[in-house]
Amino acid sequence: MVNLTEPEISLTASLRELRDRFGGTVIGDSGVNIEACASLKTAGKGDITFAEAARYRPQVEAGGASAYLVTEDFPDIPGKTLWAVARPRETFIRLLAYFHPDPQYAPGVHASAAVAASAQLDHTVCVFEYVFIGEDVRVGGGTSIESGVHVGRGVTIGEDCRIGPNVSLMRGVRLANRVTVHAGAVIGGDGFGYLWMDNRHTKVPSLGSVQIDDDVEIGCNVCIDRATFGMTRIRRGVRIDNLVQIGHNNDIGEDAIIVSQVGLSGTVKVGKRAVLAGQAGVADHIEIGEGATVAAASGVSKDVPPGETVWGYPARSIRKAWRELAHVARLPQFRRHIKVLETRVKTLEEQTNKPDSS
Amino acid sequence: MVNLTEPEISLTASLRELRDRFGGTVIGDSGVNIEACASLKTAGKGDITFAEAARYRPQVEAGGASAYLVTEDFPDIPGKTLWAVARPRETFIRLLAYFHPDPQYAPGVHASAAVAASAQLDHTVCVFEYVFIGEDVRVGGGTSIESGVHVGRGVTIGEDCRIGPNVSLMRGVRLANRVTVHAGAVIGGDGFGYLWMDNRHTKVPSLGSVQIDDDVEIGCNVCIDRATFGMTRIRRGVRIDNLVQIGHNNDIGEDAIIVSQVGLSGTVKVGKRAVLAGQAGVADHIEIGEGATVAAASGVSKDVPPGETVWGYPARSIRKAWRELAHVARLPQFRRHIKVLETRVKTLEEQTNKPDSS
Amino acid sequence: MVNLTEPEISLTASLRELRDRFGGTVIGDSGVNIEACASLKTAGKGDITFAEAARYRPQVEAGGASAYLVTEDFPDIPGKTLWAVARPRETFIRLLAYFHPDPQYAPGVHASAAVAASAQLDHTVCVFEYVFIGEDVRVGGGTSIESGVHVGRGVTIGEDCRIGPNVSLMRGVRLANRVTVHAGAVIGGDGFGYLWMDNRHTKVPSLGSVQIDDDVEIGCNVCIDRATFGMTRIRRGVRIDNLVQIGHNNDIGEDAIIVSQVGLSGTVKVGKRAVLAGQAGVADHIEIGEGATVAAASGVSKDVPPGETVWGYPARSIRKAWRELAHVARLPQFRRHIKVLETRVKTLEEQTNKPDSS
Chain S
57 MVNLTEPEIS LTASLRELRD RFGGTVIGDS GVNIEACASL KTAGKGDITF AEAARYRPQV
117 EAGGASAYLV TEDFPDIPGK TLWAVARPRE TFIRLLAYFH PDPQYAPGVH ASAAVAASAQ
177 LDHTVCVFEY VFIGEDVRVG GGTSIESGVH VGRGVTIGED CRIGPNVSLM RGVRLANRVT
237 VHAGAVIGGD GFGYLWMDNR HTKVPSLGSV QIDDDVEIGC NVCIDRATFG MTRIRRGVRI
297 DNLVQIGHNN DIGEDAIIVS QVGLSGTVKV GKRAVLAGQA GVADHIEIGE GATVAAASGV
357 SKDVPPGETV WGYPARSIRK AWRELAHVAR LPQFRRHIKV LETRVKTLEE QTNKPDSS
Chain E
57 MVNLTEPEIS LTASLRELRD RFGGTVIGDS GVNIEACASL KTAGKGDITF AEAARYRPQV
117 EAGGASAYLV TEDFPDIPGK TLWAVARPRE TFIRLLAYFH PDPQYAPGVH ASAAVAASAQ
177 LDHTVCVFEY VFIGEDVRVG GGTSIESGVH VGRGVTIGED CRIGPNVSLM RGVRLANRVT
237 VHAGAVIGGD GFGYLWMDNR HTKVPSLGSV QIDDDVEIGC NVCIDRATFG MTRIRRGVRI
297 DNLVQIGHNN DIGEDAIIVS QVGLSGTVKV GKRAVLAGQA GVADHIEIGE GATVAAASGV
357 SKDVPPGETV WGYPARSIRK AWRELAHVAR LPQFRRHIKV LETRVKTLEE QTNKPDSS
Chain R
57 MVNLTEPEIS LTASLRELRD RFGGTVIGDS GVNIEACASL KTAGKGDITF AEAARYRPQV
117 EAGGASAYLV TEDFPDIPGK TLWAVARPRE TFIRLLAYFH PDPQYAPGVH ASAAVAASAQ
177 LDHTVCVFEY VFIGEDVRVG GGTSIESGVH VGRGVTIGED CRIGPNVSLM RGVRLANRVT
237 VHAGAVIGGD GFGYLWMDNR HTKVPSLGSV QIDDDVEIGC NVCIDRATFG MTRIRRGVRI
297 DNLVQIGHNN DIGEDAIIVS QVGLSGTVKV GKRAVLAGQA GVADHIEIGE GATVAAASGV
357 SKDVPPGETV WGYPARSIRK AWRELAHVAR LPQFRRHIKV LETRVKTLEE QTNKPDSS
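Protein chains in written order, with my numbering: chain S, 57 to 414; chain E, 57 to 414; chain R, 57 to 414.
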């Protein structure tokens, strides 16, 4: 039977203990007890929050938190306990992980799960209700699979993965370690390719698969298509938001960020640490360079050089695009200029031609 | 065991009874029996349909419906039974609800559903096959949950909700009363937020949740992310179409309309009765004012004042946007004007300078 | 019990046998054995691949495939076995189907599936784990339904259909023969229509349904809404990519192609063999003509004539749109021209007016 063991949520630590663990300097009562993290707006007794810049001083003065993570140059505030560190937001995220650890899953396969005879599951996996696990599947230690998931024939899942409810992992896809797939995502659907022959759109079959490398996170209801041959590849550390479409044979570089509702056609290559903002679209066979940024809702139809930021539809250098936009906004003014010029030229023509006729 | 009781679909009423119930005046045979609603094009014997304006007169003359809901100024048509009311479309929708009521669900929890020991389900709920209901869940009376739904730990669902098949309600989300969630939607996925530290995109955990107020409708395969702290909030009467993305910490005002494939980033605030048309996108921390309209596929990167209509990418006042579009369409003409002016100026220059040289 | 019978994957044929079956001429060793298809880049011993044009000659020279499908005018390459045909890509797709046939499903209904008493399933259907099949459903021979699918009351599914995992087919929808529905798709959700009355958005109920004709393919997480009255209709041979939204009462013509993330509003009519590229959007009541093309991410707000290609937002003739784009790109130049003209006119004015004052 499956038992979800909740992390202890009544964890308490004195500010002194936290400072000893995470560094920095306390101004005020380092004996105060901290139990939880909260936002600057709502933090109360027992909470710690953060203020990244001196301009948040009024909120700190008005607030009721037990302690405030602040920058090293933050002004002292009488009656408030401040904890000065180099990068308050970073330390705050470390505190979040400390006070609010991820839920742990007790090992076990629920009696209602359907696991094929040839599937090999590590004894530490946690499989919830109504999970289907096909033939020749392998699942590594510490991985959890929530209710309603479909794991097709020959799928490989590594260690410490988190597979959300109602996810579909189609035949043969491979997930490495520490991969998170959120609810409703589909990995390994067929590529969308057809050739018009025999008087119909004849399907180009997808003989390849999908490979997801370590430490990737995939959002809710995302679709990642399998390759025609070889692998659609999502490399280490990539973050994919909800409702994104990744086409067949894409290769998404390490630590790339792909925001909600982005759509990538077939054989797109995205460089390391590139960022595709929400609703951007990329045409077939395009390469987005390392560290490049595609602005929200842009439509990319040409390669984007490394480090470049592109914007618009069609996407072009953001500087060029904004200059064009500014010019378009000035068109009514252009038009007036032309009219004024016409009048002046007409006057000149009359003046110039009058003497001749006299 | 679960039994779906179909509403009686052979309901019959005379036109007189209907008029007594819903108001208005019958011209023609008020004794005729009505059994169903239909469209103007296809309505036949036993059907009632509606014609909102006198321009539909030819269709009414050619039609075979037993009765026609019409406006009060609709012309008499010999041989046709007309029912004149102030707003025919409204009365027609009342008739639709009368003749075609929503299906009713008989109470019961299917034997194959997995309900945690600590979950509290009202005795009138209807839970279908393969539904997973986690610890500490509460479900109110009259609610139905269709097959394959995942209800995570600590979720609260109010009364008379309709949860479609394969929906995922993640831990702790709260649905009030009369909330409809269509198939495949995911409520309470993690927010998409990372900070680059320790040489990786480190996740900002989502400690908050999602709160859906009364009378909200959420479309198929929609994603609504949980808040970092506090609540992503969908307020009373909001209507969300299919495949919409609602980011973490959004606050969607009462009776707002969000059409298919709209994408809202984090911490977006949408005012009461605002309308976001299909495929529109909204950037982080933007506020859309009460009653504002965002046109289809627009990209909003600045606050939209109450009542304003914006269009385009970037979204701007629709009047301004269309003026710009009109100017862009006239650019070839501008160019010709400039060329003509150049020629005229050149002629003038020659004329002006010739006398000097003579 | 369900058994998935894998196709024999160690199928082997001599090149001679293949040529006899599919036509063309072999240059080189027609006795060589072929076991699989592969891409030009990766093909090795036992593989066949294809080269569509003479410009791929270097790759063929460097490659290790056992045979190459080439055009009839492809240059001979010593030591390489070439198989010349009229259309190499077409023959290659035939070989793909020959060497890598679709998986076959052994008939059977898994014990964990929930099939209503009144449902009629052909004895050759294959129903996987945790499938819900409601009252009055009919499923034709050779159809497979994967795990977690919801088949609502009164649904009809024809022969040889493939229903992927976690699909939701809502009450009463009709699928004809050889229809493929990929994972997570929802067919028959309610149409998105409301009328503001009684101080709320009152729902226009969807009394109609969805009809999918023969040989249609529907992508992952697609949503197709039911009609208000009558049928939302997807006609023979239509191909729909992932995450597409098809609104109520749409009528999609035969062999149309609808690429990922396209969104169609209500009552849209798409002509035969029209192509809607990725992320395009179409407004209510629009008609896209037969054979028309809507470019990626375009927003269509006016009818598109048959055969026309439209682009942009709002979508307009691609020739017109590109001319406008070119003009916009030249705006800085226009501006300079106007300035130069102004200076010249000013000079003329001074020259013309000076003599008068003298």
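For each residue, glycine too, the CB sits at the ideal point set by N, CA and C.
Give the secondary structure of residue i by DSSP, where H, G and I count as helix, E and B as strand, and everything else as coil.
{"i": "VAL342 of chain E", "result": "The sequence as given places Ile at residue 342 of chain E; Val does not occur at that position. In the structure shown, ILE342 of chain E sits in coil (DSSP, three-state: anything other than H, G, I, E or B)."}
{"i": "ARG282 of chain R", "result": "coil"}
{"i": "ALA110 of chain E", "result": "helix"}
{"i": "ALA377 of chain E", "result": "helix"}
{"i": "VAL331 of chain E", "result": "strand"}
{"i": "GLN176 of chain S", "result": "strand"}
{"i": "GLU185 of chain R", "result": "coil"}
{"i": "ILE394 of chain E", "result": "helix"}
{"i": "ARG209 of chain R", "result": "coil"}
{"i": "VAL195 of chain E", "result": "strand"}
{"i": "GLU405 of chain R", "result": "helix"}
{"i": "ASP216 of chain E", "result": "coil"}
{"i": "GLY228 of chain R", "result": "coil"}
{"i": "ARG295 of chain E", "result": "strand"}
{"i": "LYS358 of chain S", "result": "coil"}
{"i": "GLU62 of chain E", "result": "Note that GLU62 of chain E scores 46 on pLDDT, short of 50, meaning its location in the model is unreliable; the coordinates nonetheless yield the value given after this. GLU62 of chain E falls in the coil class under three-state DSSP."}
{"i": "THR323 of chain S", "result": "coil"}
{"i": "GLN317 of chain S", "result": "coil"}
Residue range of the beta strand (DSSP E) that residue i falls in?
{"i": "LYS259 of chain R", "result": "256-259"}
{"i": "THR199 of chain E", "result": "It is not in any beta strand (DSSP E) - THR199 of chain E carries neither H nor E in the DSSP assignment."}
{"i": "ARG289 of chain R", "result": "287-290"}
{"i": "ILE415 of chain S", "result": "Chain S is shown from 57 up to 414; residue 415 of chain S falls before or after that span and cannot be answered."}
{"i": "LEU138 of chain S", "result": "138-140"}
{"i": "ILE243 of chain E", "result": "242-245"}
{"i": "THR68 of chain S", "result": "Where THR68 of chain S is concerned, there is no enclosing beta strand (DSSP E), given that its DSSP letter is neither H nor E."}
{"i": "THR365 of chain S", "result": "365-367"}
Nearest chain B C-beta to residue i closer than 7 Å, yes or no?
{"i": "ASN222 of chain E", "result": "No chain B appears in the structure shown, which is made up of the protein chains S, E and R."}
Round the Cβ separation of residue i and residue j to the nearest angstrom and send it over; I've been treating them as touching at under 8 Å.
{"i": "SER95 of chain S", "j": "GLY286 of chain E", "result": "7 Å"}
{"i": "THR420 of chain R", "j": "ASP340 of chain R", "result": "Outside the shown range of chain R, which is 57 to 414, sits residue 420 of chain R, and nothing can be said about it."}
{"i": "GLU191 of chain E", "j": "SER168 of chain E", "result": "Contact flag wrong, Cβ pair sits at about 19 Å."}
{"i": "LYS328 of chain E", "j": "GLU346 of chain E", "result": "5 Å"}
{"i": "GLY208 of chain R", "j": "ALA239 of chain R", "result": "Contact doesn't hold; Cβ gap of about 18 Å is too wide."}
{"i": "GLY275 of chain E", "j": "ALA241 of chain E", "result": "7 Å"}
{"i": "ILE201 of chain R", "j": "ARG230 of chain R", "result": "ILE201 of chain R to ARG230 of chain R, Cβ: 15 Å. No contact."}
{"i": "PHE390 of chain E", "j": "PHE390 of chain R", "result": "7 Å"}
Which two residues bound the contiguous alpha helix (DSSP H) that contains residue i?
{"i": "TYR250 of chain R", "result": "Counting along the chain, TYR250 of chain R falls outside any alpha helix (DSSP H), though it belongs to the beta strand (DSSP E) covering 250-253."}
{"i": "THR147 of chain S", "result": "144-155"}
Short-range partners of chain R found in the region 384-404 of chain E, where Cβ spacing is below 8 Å: VAL384, ALA385, LEU387, PRO388, PHE390, ARG391, ILE394, LEU397, GLU398, VAL401 and LEU404
Report the residues of the region 335-352 of chain R with a CB closer than 7 Å to any CB of chain S, ordered along the chain. GLN335 and ALA352
Output needed in chain order: residues of the region 305-322 of chain S with a Cβ under 9 Å from some Cβ in chain E. Residues ASP311, ILE313, VAL315, SER316 and GLN317.
For the region 195-220 of chain S, which residues have a CB atom closer than 7 Å to at least one CB atom of chain R, in sequence order? Those residues of the region 195-220 of chain S that come within reach of chain R (Cβ to Cβ, closer than 7 Å) are GLY204, HIS206 and ARG209.
Return the residues of the region 167-185 of chain E that lie within a Cβ-Cβ distance of less than 7 Å from chain S, sorted by chain order. ALA170
Complete beta strand (DSSP E) runs within the region 79-128 of chain S (minimum length 3 residues, chain order): 81-83, 103-107 and 123-126
Report the residues of the region 277-288 of chain E with a CB closer than 8 Å to any CB of chain S, ordered along the chain. ASN277, CYS279, ASP281, THR284, PHE285 and GLY286
Residues of the region 244-259 of chain R whose Cβ lies closer than 8 Å to any Cβ of chain E, in chain order: GLY245, ASP246, PHE248, TYR250, LEU251, MET253, ARG256, HIS257, THR258 and LYS259
Looking at chain R, which residues of the region 95-107 of chain E have a Cβ within less than 7 Å of any of its Cβ atoms? SER95 and THR98
Listed in chain order, which residues of the region 290-303 of chain E have Cβ atoms closer than 8 Å to some Cβ of chain R? Taking a C-beta cut-off of 8 Å against chain R, the contacting residues of the region 290-303 of chain E are GLY293, ARG295, ASP297, ASN298 and LEU299, listed in chain order.
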